[in-house]
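Take 48 as the starting number for the sequence shown in my numbering and just add one per residue.
No residue lacks a Cβ here, since even glycine has one placed at the ideal position from N, Cα and C.
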Amino acid sequence: MKKTAVITVTSEGQGIEEALSMTERVGREAGLDRKSNLHLRLLSEEMFGLLRGIAGGVEASYWLETEDKNFEIKMSADVKMTSEMKEQFLAASKSGKNEAARGFMGRVRVMIAGFLLSAKEALPYAMINSAASMPMGGYAGESSSVWSMSLYKAEMAKRSGEGGEADEAWDELEKSIVANIADDVKVGVRGNRVELTVVKAF
Numbered sequence: 048m049k050k051t052a053v054i055t056v057t058s059e060g061q062g063i064e065e066a067l068s069m070t071e072r073v074g075r076e077a078g079l080d081r082k083s084n085l086h087l088r089l090l091s092e093e094m095f096g097l098l099r100g101i102a103g104g105v106e107a108s109y110w111l112e113t114e115d116k117n118f119e120i121k122m123s124a125d126v127k128m129t130s131e132m133k134e135q136f137l138a139a140s141k142s143g144k145n146e147a148a149r150g151f152m153g154r155v156r157v158m159i160a161g162f163l164l165s166a167k168e169a170l171p172y173a174m175i176n177s178a179a180s181m182p183m184g185g186y187a188g189e190s191s192s193v194w195s196m197s198l199y200k201a202e203m204a205k206r207s208g209e210g211g212e213a214d215e216a217w218d219e220l221e222k223s224i225v226a227n228i229a230d231d232v233k234v235g236v237r238g239n240r241v242e243l244t245v246v247k248a249f
């Protein structure tokens, strides 16, 4: 796969316009039509929305890897868990109804915070309110955790119709731009490093 230049983006919004312009340019160079290129941009915007929703200043590296019309949108950041972030996360984990946890991407954000907290503190939320037996269908090791949207979707599809939390999670997936457009979303957390990959083939 070909890798683009790496652009630094921040949760305050720096670098994001430049990153979106590069994303659109890469899409055009790959021969995407207008609608497909808009979808590519939307996936990037959702990724930046996730970054902006994390309390405290976060700086991330952003780039794309492409081959023909296959794209991997990547973002990597070292996230230091601040007390503000911890409070935001714990509030979400206790009620599950916290603003930070709204919608599918909100769930992903809270899950990342959960991975970043020490395993012991994260365990009560690792069940993601019982919606999946591991952190949203991933697996957590001692020092690293991996999660995949496609596995989570398959799990939620199996449980759809059970009522309560499972139906709510499925409803969020159906309403989510990312879940509808992306082929997969992968989240990897190792220590303080968070790596996000959005996979899309046109």
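Met48 classed as buried or exposed, judged by whether at least 16 other C-beta atoms fall within 10 angstroms: Locating residue 48 in the sequence shown gives position 1, where the first residue counts as 1. That one is exposed.
Simplified DSSP assignment, three categories, for Met181: Taking the first residue of the sequence shown as position 1, residue 181 is located at position 134. Only weak support is given to the placement of Met181: the predicted model assigns it a pLDDT of 38, under 50, and the question is left unresolved by the model.
CA-to-CA distance, Leu111 to Gly62, given in whole angstroms: In the sequence shown, residue 62 corresponds to position 15, counting from 1. In the sequence shown, residue 111 corresponds to position 64, counting from 1. So the alpha carbons of these two residues sit roughly 15 Å apart.
Inter-residue Cα distance where the pair is Ala226 and Ser130: Position 179 of the sequence shown, counted from the first residue, corresponds to residue 226. Position 83 of the sequence shown, counted from the first residue, corresponds to residue 130. Answer to the nearest angstrom: the Cα atoms are 31 Å apart.
Anticipated Cβ contact below 8 Å, Thr57 with Gly96, distance rounded: Taking the first residue of the sequence shown as 1, we reach residue 57 at position 10. Taking the first residue of the sequence shown as 1, we reach residue 96 at position 49. So it is not a contact: roughly 14 Å between Cβ atoms.
Beta-carbon proximity list for His86, same chain, < 6 Å, skipping 5 on both sides: On the sequence shown, residue 86 is found 39 positions in, with the first residue counted as 1. In the same chain as His86, and ignoring 5 residues on each side of it, the C-beta atoms closer than 6 Å to its own belong to Ile228, in chain order.
Segment limits, beta strand (DSSP E) that includes Ala160: Here residue 160 corresponds to residue number 113 of the sequence shown, with the count starting at 1. First-last for Ala160: 150-163, but that is the alpha helix (DSSP H), not the beta strand (DSSP E).
Cα-Cα separation, Asp115 to Lys222: Position 68 of the sequence shown, counting from 1, holds the residue named residue 115. Position 175 of the sequence shown, counting from 1, holds the residue named residue 222. If you take the alpha carbons of Asp115 and Lys222, they lie about 29 Å apart.
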